[in-house]
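Quick mapping for you: the protein sequence lines, in order, are chains A and S. Its first residue numbered 1, the first sequence is counted upward by one per residue in our numbering. Its first residue numbered 148, the second sequence is counted upward by one per residue in our numbering.
Protein chains: 2
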Amino acid sequence: MASSRWIEHVYETLAAAGLNRSSARDRVIEVLSGQDCALSAAEIEHRLRAAGRPTARATIYRALDLLVEHGLVERVIVGEGQARFEPLEPGGHHHHHLVCVQCGRLVAFDDPGLERAIDDLSDRLGVTVDSHEVLLHGACDRCEATA
Amino acid sequence: MASSRWIEHVYETLAAAGLNRSSARDRVIEVLSGQDCALSAAEIEHRLRAAGRPTARATIYRALDLLVEHGLVERVIVGEGQARFEPLEPGGHHHHHLVCVQCGRLVAFDDPGLERAIDDLSDRLGVTVDSHEVLLHGACDRCEATA
DNA sequence: CACCATAATGAGACTGAGACTCATTCTCAC
DNA sequence: GTGAGAATGAGTCTCAGTCTCATTATGGTG
């Protein structure tokens, strides 16, 4: 769950970027902040509508783009078809996800060994790696336990 | 470039699975076999049309699904929006890709260290990893050299 | 407070990938 | 050759995400 610290960080960052305050964007930020797992744009739209605060799809996408652009939210691509968005804690460590093939849950993890292995690749391949994504498919700890 | 050996392997596998031979599917297989980098379904459609052998989109998707299902083709997800398909050599080693942020080229690579790091994750996280995807973004060796 | 430039919003049309449908056509074992 | 089942094609449909543009909100300035 993203902390209220995250919300503050978001507002500070957006203000520092010289952006206006806007109620629709605030709504999107609020929904994201109260959420543990990554949400899709459609889920955010539904939640806002359910909360009696319907918000145009374009507005939601604009807010998400902006947040991603400022490093406040991470766009997580889980397979095809739909991007998911996840609050990025200020000093948050870089992490990746496992998609549970049984329950569909998205589980975050980080691993120094994995990061090191990827860092080492640059030299070996003669390429410059700007960023990387790792996505695992498998059974999460919960499903694993009940199997 | 996928070898003619790949084509043979594909036909053997599909025949062993009790599937009929079909000209449309053969066309898709042929386009894939002549290609080094991963193709999107749309690209395959265009090539077939350009070659005077137009083929219905649904047929192309069906053929690709089938090939992926039988482990003959790999579905590579490069960002959002569009899957790409790549022939998978019979004894082909597991590999990943780097998307060049400059030229857009998709470069394949493999790395035992990376695979090991991912294997080690299962125990540490208490999950069972069935499969994994790694995607790097950066400058490929060609663009790196000319930079 | 009033004004204005600019930023943001909302509604809906649009796009593009991919899935679905169903009538027609092809394959292949007999 | 024939018939059952597989495959095809043309088109429709869905769904995520983008674009447009008229309207509205924001915040600095006089």
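Each residue gets a CB set at the ideal place from its N, CA and C atoms; glycine is no exception.
- How many Å lie between E115 (chain A) and H70 (chain A) at the Cα? Each residue's alpha carbon lies about 23 Å from the other.
- Task: Pick out whichever of A:T55, A:D111, A:H96, A:P90 has its Cα sitting closest to the Cα of R75 (chain A).
- Result: Minimum Cα distance to R75 (chain A) is reached at A:H96.
- Query: G157 (chain A) by DSSP, collapsed to three states: which one?
  - Reply: Because chain A here runs from 1 to 147, residue 157 (chain A) falls outside it and cannot be looked at.
- Item | Per DSSP, cross-strand counterpart(s) of T275 (chain S) | According to DSSP, T275 (chain S) bridges with A:A139.
- Message: For L106 (chain A) and T275 (chain S), what's the separation of their Cα atoms in angstroms?
- Response: Straight-line spacing of the CA atoms in L106 (chain A) and T275 (chain S) works out to 14 Å.
- What are the partner residues of V134 (chain A), as DSSP defines its beta bridges? As computed with DSSP, V134 (chain A) is found in a beta bridge with S:V281.
- Cβ neighbour criterion (16 or more within 10 Å) applied to C247 (chain S): That one is buried.
- Query: Cα separation between V68 (chain A) and G18 (chain A)?
  - Reply: Between the alpha carbons of V68 (chain A) and G18 (chain A) lies a distance of about 16 Å.
- Identity of the residue in S:P234, S:T202, S:T293 nearest W153 (chain S) by Cα: Considering only alpha carbons, the answer is S:P234.
- Amino acids of chain A, ordered along the chain, whose beta-carbon sits closer than 7 Å to that of C287 (chain S): Those within 7 Å of C287 (chain S) in chain A are V127.
- Near-chain S residues of the segment 61–92 of chain A (beta-carbon distance less than 9 Å), N- to C-terminal order: Cβ contacts with chain S: R75, I77, G79, E80, G81, Q82, A83.
- Residue nearest to A41 (chain A) in terms of C-alpha spacing, selected from A:L136, A:Y11, A:R57: It is A:R57.
- Message: Since S131 (chain A) and H284 (chain S) should fall inside the 8 Å C-beta cutoff, what is the C-beta to C-beta distance between them, to a whole number of angstroms?
- Response: Indeed they touch by this definition, with Cβ atoms about 5 Å apart.
- Task: Out of A:I44, A:L48, A:D141, A:A63, point me to the one whose CA is closest to R271 (chain S)'s CA.
- Result: Of the listed residues, the one whose Cα sits closest to R271 (chain S) is A:D141.
- Taking just the CA atoms, how far does S180 (chain S) sit from L211 (chain S)? Between L211 (chain S) and S180 (chain S), the alpha-carbon positions lie close to 13 Å from each other.
- Task: Count the other CB atoms, across all protein chains shown, that sit within 10 Å of the CB of T55 (chain A); report buried if there are 16 or more and exposed otherwise.
- Result: So T55 (chain A) ends up on the buried side.
- Cutoff 8 Å: E280 (chain S) Cβ touching any chain A Cβ: The Cβ of E280 (chain S) sits closer than 8 Å to at least one Cβ of chain A.
- With a 10 Å radius around its C-beta and 16 neighbouring C-beta atoms as the bar for buried, classify H156 (chain S) as buried or exposed. It counts as buried.
- Can you tell me whether DSSP reads R62 (chain A) as helix, strand or coil? The three-state secondary structure of R62 (chain A), taken from DSSP, is helix.
- Item | Rounded straight-line distance, which links the Cα of A198 (chain S) to that of H94 (chain A) | Whole-angstrom Cα-Cα distance: 46 Å.
- Query: Can you tell me whether A139 (chain A) is buried or exposed, with buried defined as 16 or more other CB within 10 angstroms of its CB?
  - Reply: The residue in question, A139 (chain A), is buried, as its Cβ has 16 or more Cβ neighbours within 10 Å.
- Query: Alpha carbon to alpha carbon, what distance is there between T206 (chain S) and L219 (chain S)?
  - Reply: For L219 (chain S) and T206 (chain S), the distance between alpha carbons rounds to 17 Å.
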